[in-house]
Amino acid sequence: MVGFNSENRNAIDVKYICQICNLILRNPVQLDCGHRFCSSCLDTEFQASIACHQCQRVTSTNNTFYDRGIQNDMEKISINCYACCWSGLFKNYEEHLTKYHLNASHKSKIKNNIMFQLKLITEKFRELSTNLQILKAITQQLVNQSALYQLGTEEKIPSVENIHQNQTNVSAHNGILLWRINNIKDRSNNSESATSPPFYTSLDGYKLCVRLYFNGNDTDQSTYSSIFIVLMRGDYDAILDWPFNYQVIFCLYNLINQDNHIIESFQPDINLKAFQKPQSDMNVGCGISKFIPRTLFEQENNSFIHDDSIYIKVMIRKNPIANFILPYVMKIDLAWPIYIQEEIIQELIQRYPIQSFKLSLTFKSSTL
């Protein structure tokens with residue numbers, strides 16, 4: 001049960017006031033430090049020791065004692081009842097409260113319940129305080145890790161960019177070009193031409209590009225689209241063999257039926273200027289005049305065009321591939337590494353006699 005309330009409580013000497021409930025002392029208990037509190041406020045039944053709420057000095061529960069001296073002094077205090085107009089000495093105040101105000105047993109039950117709830121709240125508060133400290137520590141750790149991760153990411157970005165650039169360089173230096181050409185409908189209608197990005201036969205090899213003329217060259221205009229290989233001036237031309245004499249293979253992918261790719265190849269005529277060492281930025285082009293029927297671009301939903309784009313593969317081969325093997329070569333999964341694709345090509349070549357291999361080569365080409 002907490003201390004006594006009164007109308008004139010603020011006028012009473014502070015030594016008679018419990019610093020826990022802030023009411024007049026009830027059954028005052030003194031600690032080793034000399035401070036006094038209501039016996040019920042200290043809750044000595046549940047604790048082995050008590051820390052003073054004023055000075056924090058710890059007192060063993062066994063060393064606390066009922067302060068009869070201060071109790072005798074308090075009996076002479078003048079009290080004004082907080083609930084009515086009664087005035088009198090403190091020694092008669094408890095009797096007045098019991099008789100005219102809250103029933104003592106009822107009040108005791110309320111007090112016990114309040115103390116129990118207070119104990120639960122205190123324990124929960126301590127638990128939450130502990131968890132809060134843990135969360136603060138975790139938060140700080142995450143902040144630190146985030147800073148390290150950001151720093152590591154910033155350091156890795158250039159490395160990733162370098163890797164991507166290296167991969168791009170490797171893919172453009174193996175004599176193979178996979179070329180996606182967009183806006184086919186507009187380009188075909190406007191009689192435009194398309195030029196591929198440069199690519200190389202090796203890291204220090206021949207530099208080339210490809211041109212697709214949608215309306216064909218001068219002799220076959222408006223009936224076929226023409227495709228040409230163009231030799232470009234490269235950094236290593238001085239140490240390369242001339243004239244250029246590699247097999248050139250073109251394939252327009254049928255995106256639905258792999259048996260219907262449009263495939264053409266030719267072996268360069270080394271007497272043509274197109275295959276001599278470039279004296280300017282690029283030579284004249286040479287290739288296949290009748291590569292794609294122009295009617296193909298006019299067809300709706302045909303199997304060569306997807307999202308208004310076509311896909312052309314160009315292969316430059318030092319060791320030629322027979323024409324009748326090319327349809328099988330163009331079925332090889334493009335997702336496989338280049339070295340695996342090359343192993344499959346070599347297996348295909350070894351299946352056929354040299355005689356038939358040589359006879360299958362064509363020299364179908366033109367210049368522009």
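Residue numbering for the sequence shown follows full-length UniProt numbering, starting at 1 and increasing by one per position.
In this text, a Cβ means the ideal position worked out from N, Cα and C, and glycines have one as well.
query: Any idea if R187 is buried or exposed, counting beta-carbon neighbours within 10 angstroms, 16 or more meaning buried?
result: Its Cβ being crowded by 16 or more others within 10 Å, R187 is buried.
- request: With a cut-off of 8 Å on the beta carbons, I'd call I77 and F90 a contact; round off their distance for me.
  value: About 4 Å separates the beta carbons of I77 and F90, which is inside the 8 Å limit, making them a contact pair.
task: Let me know the secondary structure DSSP gives M1 once reduced to three states.
output: coil
Rounded C-alpha distance that separates N92 from C81: 11 Å
message: I'd like to check one pair, Y213 with K290: are the Cβ atoms closer than 7 Å?
response: no
- request: Out of N302, V314, R233, K313, point me to the one whose CA is closest to S280's CA.
  value: R233
- prompt: In the structure shown, what three-state DSSP assignment does I20 receive?
  reply: Of the three classes helix, strand and coil, the one that applies to I20 here is coil, per DSSP.
message: Along the chain, where does the alpha helix (DSSP H) containing E342 start, and where does it finish?
response: 338-350
message: Just verifying my parser: in three-state terms, what is the DSSP assignment at R9?
response: helix
- prompt: Bridge partners of P278, per DSSP?
  reply: According to DSSP, which records beta bridges pairwise, P278 is partnered with nothing at all.
- prompt: Among residues of its own chain, excluding the 5 on either side of A104, which ones have a beta-carbon nearer than 6 Å to its beta-carbon?
  reply: In this predicted model, A104 has a pLDDT of only 49, less than 50, meaning its place in the structure is not dependable; the value taken from the coordinates is given anyway. Counting only Cβ-Cβ distances below 6 Å, and skipping sequence neighbours, we find T98.
field: Span of the alpha helix (DSSP H) around K185
entry: Where K185 is concerned, the enclosing alpha helix (DSSP H) stretches over 184-189.
field: As assigned by DSSP and simplified to three states, the class of S202
entry: coil
task: Classify Q267 as helix, strand or coil using the three-state DSSP reduction.
output: coil
message: Assuming contact is defined by CB atoms lying nearer than 7 Å, are V329 and I340 in contact in what I supplied?
response: The criterion of a C-beta distance shorter than 7 Å is not satisfied by V329 and I340.
- prompt: What separation, rounded to the nearest whole angstrom, lies between the Cα atoms of Q350 and W242?
  reply: 29 Å
query: Can you pull the DSSP bridge partners for T195?
result: R211
Unbroken alpha helix (DSSP H) run spanning I70, endpoints: That run of the alpha helix (DSSP H) goes 68-74.
query: Does DSSP put residue 369 in a helix, in a strand, or in coil?
result: The requested residue 369 does not occur in the structure, where the chain is confined to residues 1 to 368.
Same chain, Cβ closer than 8 Å to D43, neighbours up to 5 away in sequence not counted: M115, K119
- prompt: How many whole angstroms separate the CB atoms of Y253 and K185, which I take to be in contact at a CB cut-off of 8 Å?
  reply: The pair is not a contact, with the Cβ atoms about 18 Å apart (cut-off 8 Å).
task: Decide if T130 is buried, meaning its Cβ has at least 16 other Cβ atoms within 10 Å, or exposed.
output: exposed
- request: For the alpha helix (DSSP H) containing P243, list its first residue and its last residue.
  value: Note, P243: premise wrong, no alpha helix (DSSP H); not H, not E.
heavy atom of the ligand SAH below 6 Å from I332 C-beta: No copy of the ligand SAH occurs in the structure displayed, which carries no ligand at all.
field: Span separating the alpha-carbon of N190 from that of K277
entry: 33 Å
message: Mapping the DSSP letters down to three states, classify I321 as helix, strand or coil.
response: coil
field: Residue burial classification, P293 (beta-carbon count within 10 angstroms, cutoff 16)
entry: exposed
query: Excluding the five sequence neighbours on either side, which residues of its own chain have a C-beta within less than 8 Å of the C-beta of L326, listed in chain order?
result: Answer for L326: I249, C251, I263, S265, listed in chain order.
query: Between which two residues does the beta strand (DSSP E) carrying F297 extend?
result: Taken as a continuous stretch (DSSP letters only), F297 belongs to no beta strand (DSSP E), being part of the alpha helix (DSSP H) at 295-298.
Close beta carbons around D259, own chain, < 6 Å, minus the five adjacent residues each side: none
- prompt: Should G175 be labelled buried (16 or more other beta-carbon atoms within 10 Å of its own) or exposed?
  reply: buried
query: L348: which of F324, S226, D235, I138 sits nearest, CA to CA?
result: F324
message: Quick check on the burial criterion: 16 or more other C-beta atoms within 10 angstroms. Buried or exposed for V284?
response: Burial call: exposed.
message: For K273, tell me which candidate among R126, I256, V230 has the shortest Cα-Cα distance.
response: V230
- request: Could you check what DSSP says for L255 in three-state terms: helix, strand or coil?
  value: For L255, the three-state secondary structure derived from DSSP is coil.
- prompt: Out of curiosity, what's the CA-to-CA distance linking H306 and K136?
  reply: 55 Å
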